[in-house]
Amino acid sequence: MSDLVLATDVTTHIPFMKSFNEDVAAGNVSATQAMHVVLKAADISNPAKVPALQLRWTRRVMTEFFLQGDLEKSLRLPVTPPV
């Protein structure tokens, strides 16, 4: 499961997509690769939503980022910057 969450990490995007495209061309795509692609698409889909829905999700993710930063501060950890 954690590998699916990590699939949304932008630092792995280009190597993953290169490998995925090669596997598509070879007709050898795994179920895990397909799930990674679906999550990647969902992760970046906010701008394609209607404005009211886009704004609602933007507010939710901003709230999540700030709550994470507050928790990190309370635990005296370095605050993770939103990407």
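With our numbering, letter number 34 in the sequence shown gets 34, and the count goes up by one each step, no holes.
Every residue gets a Cβ at the ideal spot worked out from N, C-alpha and C, and that includes glycine.
Everything numeric in this text was worked out from a predicted model, so none of it was measured.
**Request:** Would you check if the distance between the CB atom of L6 and the CB atom of M35 is smaller than 8 Å?
**Result:** As a first step, residue 6 must be located in the sequence shown, where it is residue number 6. As a first step, residue 35 must be located in the sequence shown, where it is residue number 35. For the 8 Å CB-CB criterion, L6 and M35 do not form a contact.
Leaving out the 5 sequence neighbours to the left and right, which residues in its chain are closer than 8 Å to W57 when beta-carbon positions are compared?
-> The residue given as residue 57 occupies position 57 in the sequence shown. Excluding positions up to five away in sequence, the list reads N46, K49.
So E95 and T80 are supposed to be a Cβ contact under 8 Å. How far apart are they, rounded? Here the chain comprises residues numbered 1 to 83, so residue 95 is not present and cannot be evaluated.
Classification of K40 by the beta-carbon crowding that lies within 10 angstroms, buried from 16 upward:
Sequence index remark: in the sequence shown, residue 40 carries index 40 (1-based). K40 is buried by the Cβ-count criterion.
So for D43, helix, strand or coil by DSSP? Counted from its first residue, the sequence shown places residue 43 at position 43. Three-state result, D43: helix.
Report task. Return the CA-CA distance between T11 and D43, expressed in angstroms with no decimal places. Result -> The count along the sequence shown starts at 1 and reaches residue 11 at position 11. The count along the sequence shown starts at 1 and reaches residue 43 at position 43. Approximately 14 Å between the Cα atoms of the pair.
K49 - DSSP class collapsed to helix/strand/coil:
Taking the first residue of the sequence shown as position 1, residue 49 is located at position 49. K49: coil per DSSP, three-state reduction.
In terms of alpha-carbon separation, which member of H13, F65, F66 lies closest to V38? Translated into the one-based positions of the sequence shown, residue 38 becomes position 38. Comparing Cα-Cα distances from V38 to each of H13, F65, F66, the minimum goes to H13.
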